[in-house]
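Under our numbering, the first residue of the sequence shown carries the number 4, and numbering increases by one thereafter. Just so you know, even glycine gets a beta-carbon here, dropped at the ideal spot from N, CA and C.
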Amino acid sequence: MTESKSMILGCAGKSLTREEINFYRNECPWAFILFARNIGETEQIRDLVAEMRDCIGRPDALVFIDQEGGRVQRLRPPLAPNYPAGGALGALWHDDHDAGARAAWLMARLHAFDLLRYGITADCLPVLDVPIEGASDVIGARAYGKDPRPVIELGRAAAEGLMSGGVLPVMKHIPGHGRAFADTHFELPVVNASLSDLQRHDFAPFKELSHLPMAMTAHVVYSAIDPNNPATTSGKVIDEIIRREIGFDGLLMSDDTS
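Below, the structure is given as C-alpha cells:
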C-alpha cells in the first residue's frame, strides 16, 4: 500500500467524482474532511465516508468535520440537533462554573455520538481563541469567553467530552486568532500585539491544553514574532512558539488552504 501523504482532503459534492477517486488513490491522503457542501442525508454521508476510506485502503483513516455548535455546525437537523455556540456555554459558566463545564462536556459528548453514526472520527473543536474588543466576528460567539480562564476550562471539558465518546478533538486556532481584525477566509490579518501580551492572553489556553492530540494553526501574522509569514507557514512561530513556548508536540494541521 502506498504510504500516506501529509494531506487532509475534501471533495466537491455529496459523492466522489471519478477524478476525485483517481486523485485519492494516486496521492493517498492521510485523512479527509467534510464541509456543508458534502452533507445530504444519513446514508449518503455514510457512503461518502466509506468511499473515501476505500479509495486509500484504510478503513481507520480519520475523517474530520467542524461541528462546534452555533453558526459553525456542518450537521444540522434532522441529522443532528442544533447546538449552542461556545459563547452560550461561556455565559452559563459565568453564572455557574460547574454547570458551564458540565454543559460543555455533555455537548461535546453528544457531538461524538452524532458524528460516529456517520463514521466521522475527528471534530475541529475546541475553539481556544480569546477575542478582544473590536476583533473580526469570524470568531465572535464561537469563543467560550473574552479572557483565558473560561476558554481553558470549557475547552478542556469539550475536549474530554469528545474523547470520552471516541472522537478526537482538534484545538484551534493555535497560537490564537482572537486579535485578528480580518476574516482569514478573505484576507491575511496582521496582529501587532507584543509578545508579552500574546503570552499572557492568547497563548494561555493552548499552553494549558498542550497535551491534546491535535491542533489547527491560525492563518495570522504575528508581527512581534515573524512579520513576514502567517503562523501556518512560519517556521519561527511553529518551532519557537507552538512547539517550545506553548509546549505542543502533537499533530499540527493547517487551517483550510483551498
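- Selection PRO172, PRO129, ALA183 and VAL173 evaluated against GLY137 yields ALA183 as nearest (Cα-Cα).
- Less than 7 Å separates the beta-carbon of PRO172 from that of LEU215.
- Linking MET55 to ASP117 through their CA atoms gives a straight-line distance of about 19 Å.
- Within the stretch 197–225, the alpha helix (DSSP H) runs of at least 4 residues that lie entirely inside it are, in chain order, 207–211.
- Rounded to whole angstroms, the Cβ separation of TRP108 and GLU163 is 6 Å, and the two are in contact under 8 Å.
- The beta-carbon distance between LEU51 and SER18, rounded to whole angstroms, is 6 Å. This is short enough to meet the 8 Å contact definition.
- Taking 7 Å as the cut-off, the beta carbon of VAL154 is found closer than this to the beta carbon of VAL133.
- Pairing ALA39 with ARG74 gives a Cβ-Cβ distance that is not under 7 Å.
- DSSP, reduced to helix, strand and coil, places GLU71 within a strand of the structure shown.
- Membership of ALA34 in any alpha helix (DSSP H) is not indicated; the residue belongs instead to the beta strand (DSSP E) covering 32–37.
- ILE177 is bridged by DSSP to THR220.
- GLU211 counts as buried, since no fewer than 16 other beta carbons sit within 10 angstroms of its beta carbon.
- Distance check between GLN47 and each of GLY122, ILE245 and CYS127 places GLY122 closest, using alpha-carbon atoms only.
- The beta carbons of TYR147 and GLY89 sit closer together than 7 Å.
- PHE251 and PHE209 do touch by the CB rule: their CB atoms are close to 7 Å apart, below 8 Å.
- By a beta-carbon distance limit of 8 Å, ILE228 contacts LEU198. Their separation comes to about 7 Å.
- Under the 10 Å beta carbon count, ASP258 is surrounded by 16 or more other beta carbons and is classified as buried.
- One alpha carbon belongs to GLY13, the other to ALA83, and they sit about 21 Å apart.
- LEU95 sits in a helix when the DSSP states are folded into three classes.
- Closest in C-alpha terms to ARG203, from the list ASP150, ASP99 and TRP96, comes ASP150.
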